[in-house]
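Going by our numbering, the first residue of the sequence shown is number 14, and it counts up by one from there. Accompanying notes for the structure given below.
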Amino acid sequence: MPQPCWLWDSERARIVWANSAGIAYFGGETLFDLLDRPFDRAEPGVENLGSLARRLKRDELRKTLLHFPSTGALTPLACQCGLHALPDGRTGILIRGLAQAEETAGQPGELARAFSDLPFPALLLAQGTVTFANTAAERLFSAEQRRFTHRLLGGPDSAQEFLGRVAAAGTLGMTRKLDTLYGEREIRLTARQMPAEKGEDPAVLLICEDVTDRRALERRLGTPSGAAPAPVPAKSEPALSPQDAHTFEALGKSIRADRLQAVKPVQVKVQAVPVPLPGLPPVVTRKIDSFAHPVIIVQDDKIHYANPAALRLLRFETVDSLKERIAFSGLPPRGVSAAKLATGDGGSLMVNLTALPIAWRSGPALQVTLAELPEAMEAPAEPAAAQPQAPPPARAEPVPARAAFPPPKSAIASQPLKREEPKSEIIATLPKAEPPPDPVAAAPEPAPPQPVRSEAVAARPVTETGHDADHAEEDEELRNILDTAADGIITLDGAGNIRTFSAGAEAIFGYRIAEVLEKPLATLLAPESRRVLRDYLSALQGPGLATVFNDGREVTAVVKQGGVVPLFLTIGRLHRARETGAAFCAVLRDITQWKRTEAELREAKDAAEQASRQKSEFLAKISHELRTPLNAILGFSEVMRMERFGEIRNDKYRGYVNDIHASGAHLLSLINDLLDLSKVEAGKLELNFTSVALGEIIDQAVKMVQEQATAARVILRRTIPNDLPNVVADHRSMSQVMLNLLSNAIKFTDPGGQVIISAQLTRAGELKLRVKDTGLGMTDAEIKEALEPFRRITTDGRNVPGTGLGLPLTKALAEANRAQFEISSEPRKGTLIEITFPTTRVLAV
């Protein structure tokens, strides 16, 4: 099987040539795909080749690993590299992939893959650079550290000292503090010098291990129990007598006994304390609260949240009181089931439960939707019972004759919580066709008592007074929110009279709410805007589409301070009005600044168009006036060059005549460009639209600029399909477009570069004409500047001769032929110009 081979240009970081295996390795189909492909200079393979280009000697072959992640390859490729001359005489690198048999002599592919997959960071160091770093090292160190040894080891001096010790000992292990992607960490470094071929510098294999956490634990715990005691320094001390030694030993035993006795009675009872999570974010609760139907969020058989509709249905004031009284067990993860729930007023309620799995803050949860079954509603339990009550059963059963009708397997069963005080839970799921209980069988069994918690707060019945207080609080809060808006917000009744007036509306109109309450909104508008308001309200009250396509109106307001203010008015219909009688909500925004900006932009646009029109007319007139004497100069100089009326004996005179004729021809070309540009901008360019074969125009243009390309040592490549359809365009202007594009591409391409001309028919039926070069390239700001007339770009200090009209004129002529002109470029990577003919300008094959 052939191995990948390619020729690499290190200065431009491009591939100049590749065999079929090399093209396939880089994911291309033809060589042209690789010639156009840019490479990131920070890619490991590109960096390695750049380093080899500086170190390789002539006739030297060196084996290395090249890794190009952009190709999708997970492991590096073992290659043999050597210097090779490029077509333009510069020095490149010829890379040849090594087969499996050849790899065994260098760095085998299997070993390279195993090295890359090591679970700990590993790097290869050679000649001051990091030649390879495995995946674990990429996760620990930055890109700069994976390129240079001194960056990795903390500086040139530290790196030199470390490598010197490795070279002297062969193997070295030590711990250092190094900078990592996670901050400064203690890294244990294990280095081993690898064997090298004769004449080559040996590489160093470096294994890294992060021991920061282990060292911190050792420091916190002190010296490990298994560690040997520190050696006692040799020092002459007086020896103890046997009696003193016996005394000290007894004293030590007594102290240890006292410590054990003091510590023994102290018993620490470790108990898991639940750490409350922070409250739910408003973006979550606001969405759940907006549901009109009751919704409960259940996770691990516990209630985590309930919306206001669920609290009202189950007669609870707060979510915490609901959590105290109700718990779930055996809730199916999906589907609909019926259950009897305890309510906050001591009763029970038969509901349908619809469970749906959702993602919650700490894992999967269930969104349970409740639907009341009115026929199963039960009255609250009496506070006192005539008969003595028995202790609650292990399973709370509200229906006495329950045993005769066992629930299905998917039923929700009530299970008591393992706590000291019982909770009210889901009681049971009953079949919908369950027969009434037998009174005889039910008589001996007393009803289960309602669970009571000593610390529970009794549920307050929801009365009409409570509703009024809630509405008052909601209205006050809503009013405060609306008053913070800069826009004016006004509610209207069905006749258009003002019901409420926000602080923003007071600031716009200058009236207080007491001055405009119950008055028509039309009285605050100019006479011409009152009809607009009346028609707007009529359209919203009707059955048409005005309520759906409500795009607002522009009106004029008459303010209290005097004068008028332009406003943008949007009115919405209130479908559920309360006792306030409001039927519409109007939002008014002051657009004075918008109107002022719009007028300024319109004036600036008119002034720019007028200036452009005057400039184009001036260029057209002056160009026409210059062409008449210039034609005479060209004609007479041509007669003198041809020596029609006699021989010119002096060679200097003959040279002057040639210079006069060449300068006149250049000036005429410039005047023609000016005239064409002014005609295009003025819309007066005369074009003869016919069927044009772009392939023929490209061939003619290539022939005309071939001499210029040869002199500049630039390669011209042409990729045009034979079945390319014709387009509807002007033949002369399209020829000029191609000449301008090719001339510019050659002028701004370095020797050894390429200019590629291609054309293709897209799937959408459009025809794209591309001219791509590998030249200097431009930034976005330079592209914008280059498209302006008489603006010349200086790139990399190079001042290319020209008038600055080529690119603007080319764009204008392409757009005059109903084509789209697009340009994209990057510095040092080249420029791509695309001219796209729409389907309406492409003729059938």
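Just so you know, even glycine gets a beta-carbon here, dropped at the ideal spot from N, CA and C.
Straight-line Cα distance separating residue j from residue i
{"i": "T610", "j": "A620", "result": "15 Å"}
{"i": "F631", "j": "Q767", "result": "40 Å"}
{"i": "L383", "j": "I310", "result": "11 Å"}
{"i": "R201", "j": "Q140", "result": "22 Å"}
{"i": "N644", "j": "N663", "result": "25 Å"}
{"i": "A352", "j": "T298", "result": "26 Å"}
{"i": "I268", "j": "E262", "result": "10 Å"}
{"i": "V1", "j": "A722", "result": "Nothing can be reported for residue 1, as the shown portion of the chain is limited to 14 through 858."}
{"i": "C221", "j": "Q93", "result": "29 Å"}
{"i": "E709", "j": "K824", "result": "21 Å"}
{"i": "D333", "j": "D314", "result": "15 Å"}
{"i": "Q773", "j": "A305", "result": "58 Å"}
{"i": "K716", "j": "L754", "result": "14 Å"}
{"i": "R189", "j": "T88", "result": "29 Å"}
{"i": "P851", "j": "N739", "result": "12 Å"}
{"i": "I684", "j": "A675", "result": "14 Å"}
{"i": "Q554", "j": "I301", "result": "31 Å"}
{"i": "S748", "j": "I108", "result": "42 Å"}
{"i": "A426", "j": "M363", "result": "Model confidence at A426 stands at a pLDDT of 36, short of 50, so the residue's coordinates are unreliable; what they give is reported in the following sentence. If you take the alpha carbons of A426 and M363, they lie about 14 Å apart."}
{"i": "L138", "j": "M187", "result": "17 Å"}
{"i": "A229", "j": "G63", "result": "42 Å"}
{"i": "R233", "j": "R227", "result": "10 Å"}
{"i": "A172", "j": "M791", "result": "40 Å"}
{"i": "L491", "j": "K532", "result": "23 Å"}
{"i": "A678", "j": "S650", "result": "11 Å"}
{"i": "V578", "j": "A617", "result": "24 Å"}
{"i": "L317", "j": "I339", "result": "Rather than Leu, the amino acid found at residue 317 in this sequence is His. Looking at the two C-alpha atoms, the distance is approximately 11 Å."}
Close-in-space but distant-in-sequence residues of the same chain around residue i (CB under 7 Å, 5 per side omitted)
{"i": "G348", "result": "A368"}
{"i": "Q380", "result": "V308, I310, L369, I371"}
{"i": "T703", "result": "H744"}
{"i": "A827", "result": "V750, F834, I848"}
{"i": "I711", "result": "R731, I733, M751, I770"}
{"i": "E839", "result": "G790"}
{"i": "E157", "result": "R164"}
Buried/exposed call for residue i, threshold 16 Cβ in 10 Å
{"i": "H637", "result": "exposed"}
{"i": "H80", "result": "buried"}
{"i": "A37", "result": "exposed"}
{"i": "Y549", "result": "buried"}
{"i": "A832", "result": "buried"}
{"i": "A409", "result": "Reliability fails at A409, whose pLDDT of 34 lies under 50, so the model's placement of it is uncertain and no value is given."}
{"i": "F133", "result": "exposed"}
{"i": "K692", "result": "buried"}
{"i": "E337", "result": "buried"}
{"i": "V718", "result": "buried"}
{"i": "F658", "result": "exposed"}
Residue i and residue j closer than 8 Å at C-beta
{"i": "A31", "j": "T144", "result": "no"}
{"i": "A26", "j": "R50", "result": "no"}
{"i": "L780", "j": "V855", "result": "yes"}
{"i": "G530", "j": "L546", "result": "According to the sequence provided, residue 530 is Leu. The question's Gly does not apply to it. No, these two residues do not count as a Cβ contact at 8 Å."}
{"i": "L335", "j": "A319", "result": "yes"}
{"i": "L582", "j": "A596", "result": "no"}
{"i": "F154", "j": "L166", "result": "no"}
{"i": "L800", "j": "P821", "result": "yes"}
{"i": "F161", "j": "T184", "result": "no"}
{"i": "G788", "j": "A758", "result": "yes"}
{"i": "G843", "j": "S756", "result": "no"}
Chain B contact for residue i (CB, 8 Å cutoff)
{"i": "A832", "result": "Given the protein chain composition of this structure (a single chain), no chain B is represented."}
Proximal residues to residue i (C-beta, below 8 Å), its chain only, five neighbours per side dropped
{"i": "A149", "result": "L131, P132, F133, P134, A135"}
{"i": "P764", "result": "D101, A725, R726, V727"}
{"i": "L44", "result": "W30, A31, I36"}
Proximity test, residue i beta-carbon vs the ligand ADP heavy atom, cut-off 7 Å
{"i": "V670", "result": "The ligand ADP is not part of this structure, which contains no ligands at all."}
Proximal residues to residue i (C-beta, below 6 Å), its chain only, five neighbours per side dropped
{"i": "L737", "result": "G708, A772"}
{"i": "G95", "result": "L74, L107"}
{"i": "Q574", "result": "G523"}
{"i": "L366", "result": "S350, A352, V381"}
If we count Cβ pairs, one from each stretch, closer than 8 Å, do we get three or more for the region 347–357 versus the region 320–332?
yes
Do the region 496–505 and the region 513–530 meet, that is, are 3 or more Cβ pairs less than 8 Å apart?
yes
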